[in-house]
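Start counting at 1 in the sequence shown, then tack on 1, and there's your number in the working numbering. Where is the CB? At the ideal position from N, CA and C, for every residue including glycine. Reviewing the structure listed below.
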Amino acid sequence: MVLAEATPPPFSVASVFTEIRLDSWLTVLLVVAAGLYLYGVHRLRVRGDRWPVSRTVFFLVPGLGGIASVTVSGLHAYDTTLLSVHMVQHMVLSMVAPIFLALGAPMTLALRTLRGAPRRRLLAVVHSRVATVLTFPLVAFGLFVATPFALYFTSLYEQTLRHEWLHELTHAHFIAVGCLFFWPLLGLDPLPGRWPYPARALLMLLSVPFHTVLGLTIMQSKTLLGGTWYPGLHLDWSNPFDDQKVAGGILWAGGEFVSVTMIAVLVVQWIRASEREARRIDRELDRQEARERAQDQNDATVRSAARD
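Given below as structure tokens:
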């Protein structure tokens, strides 16, 4: 299906609320995902197990809610009209929502909820060779970095504007690549081959220059992304070149902000993991000391009995 080249009214904050769409396939998936997650939390509580409220909030509000905010809200009405709106979608779908989906630990929730064959099948998928390759940090990093360059500097982006199925597929790709990148770095779920915290922080740091280069290149480009698409809309309230500069700025500033923030989150996780490990070592030393004291007391008792 080719996207219609209708001329929408000027973009405004009110448009985000007046152009809400609830009839898309993505809406159904978001509702199903939220329902399954809440059902899993309910199952744990009925069983008497505890599940952190923060994980539920992370997964539902900025995670699934973040995806909904740029695809179900009125922003979708302008994502093929303004490159700047598309870039906001790009940032949320590939960098913001996946972070909070990972912090929601849905895989851990599923493993704690499921029993028998379903749990064994899920574990088989998590530890499969395909999952091991896709979640290997360097592979995920390559996909995460290469995706925007392959999209914006080829004719592919113009095709996503002209064909709705490809446009929707691009949204799904953004989410998938973002999850593959952030899940091994920040996620709490059990994944094979997880790197130590210093290596994760370094990889996150290495992603910053790519967003800077991409954003500045888009801002300074004299060629419009999307070919003749945006000029062909004949909008009297938006200049495609000016909007492209805004889009590049969003990608540049947003990418740096998210990356630096995530480095800080990694450092916090690293500190907490070190504290947990220190407490574990202290407990083990305490147990070892208790065993030695008990052994000394036994030896003393034996010697005393022998003297008597």
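Among the options, the one whose alpha carbon lies nearest that of residue i
i, options, result
"G250", "G105, L286, M88 and R292", "M88"
"S129", "S70, F182, P191 and P149", "P191"
"T224", "M108, T155, L115 and A111", "T155"
"T28", "A69, R281, G41 and L39", "A69"
"F142", "A103, T72, L203 and F12", "L203"
"V178", "A103, S85 and V126", "A103"
"L23", "L76, R56, P9 and T57", "L76"
"T136", "V73, P119, R201 and H168", "R201"
"G228", "F242, V269 and A98", "F242"
"P99", "I219, E159 and L181", "L181"
"V209", "T171, A173, G256 and R163", "G256"
"A34", "M108, T262, R120 and I264", "M108"
"P199", "L267, L286, P53 and R277", "L267"
"M205", "V146, A254 and S275", "V146"
"R48", "L115, G188 and D283", "L115"
"W230", "L37, D80 and L30", "D80"
Other residues of its chain near residue i: CB distance less than 7 Å, five sequence neighbours each side excluded
i, result
"F175", "H91, L94 and S95"
"V247", "S85"
"F101", "F59, F60, P63, G64 and G67"
"A15", "none"
Cβ-based burial, residue i [other Cβ within 10 Å; buried from 16]
i, result
"D50", "exposed"
"F258", "exposed"
"Q221", "exposed"
"L139", "exposed"
"T19", "exposed"
"L157", "exposed"
"F150", "exposed"
"A78", "buried"
"G117", "exposed"
"Q298", "exposed"
"V71", "buried"
"Q289", "exposed"
"I264", "buried"
"T161", "buried"
"I219", "buried"
"D283", "exposed"
"P185", "buried"
"T171", "buried"
Three-state secondary structure assigned by DSSP to residue i
i, result
"S305", "helix"
"H43", "helix"
"H164", "strand"
"S13", "coil"
"I21", "coil"
"T148", "helix"
"D50", "coil"
"A106", "coil"
"S129", "coil"
"G143", "helix"
"R116", "coil"
"D190", "coil"
"R55", "Note that residue 55 corresponds to Ser in the displayed sequence, not to Arg. It is helical."
"S156", "coil"
"F183", "helix"
"T136", "coil"
Beta-carbon contacts of residue i that lie in its chain and below 8 Å, excluding the five residues immediately before and after
i, result
"L124", "L112"
"P11", "W238 and S239"
"R46", "W52"
"P193", "V127, H128, A132, T133 and T136"
Residues near residue i in its chain [Cβ-Cβ closer than 6 Å; skip 5 each side]
i, result
"R56", "G105 and A106"
"M2", "Only weak support exists for where M2 lies, its pLDDT of 47 falling under 50; the coordinates are left without a value."
"L110", "G41"
"A295", "none"
"S74", "V17 and I21"
Chain C contact for residue i (CB, 9 Å cutoff)
i, result
"H87", "In the structure shown, chain C cannot be found, because there is only a single protein chain."
Within the stretch 192–268, ranges of the alpha helix (DSSP H) (whole runs, at least 4 residues): Taken in chain order, the unbroken stretches of alpha helix (DSSP H) that lie wholly in the stretch 192–268 and span 4 residues or more are 198–221 and 230–233.
Secondary structure, alpha helix (DSSP H): runs of 4+ residues fully inside the stretch 57–100: With a minimum length of 4 residues, the continuous alpha helix (DSSP H) runs that stay inside the stretch 57–100 are 66–72 and 84–92.
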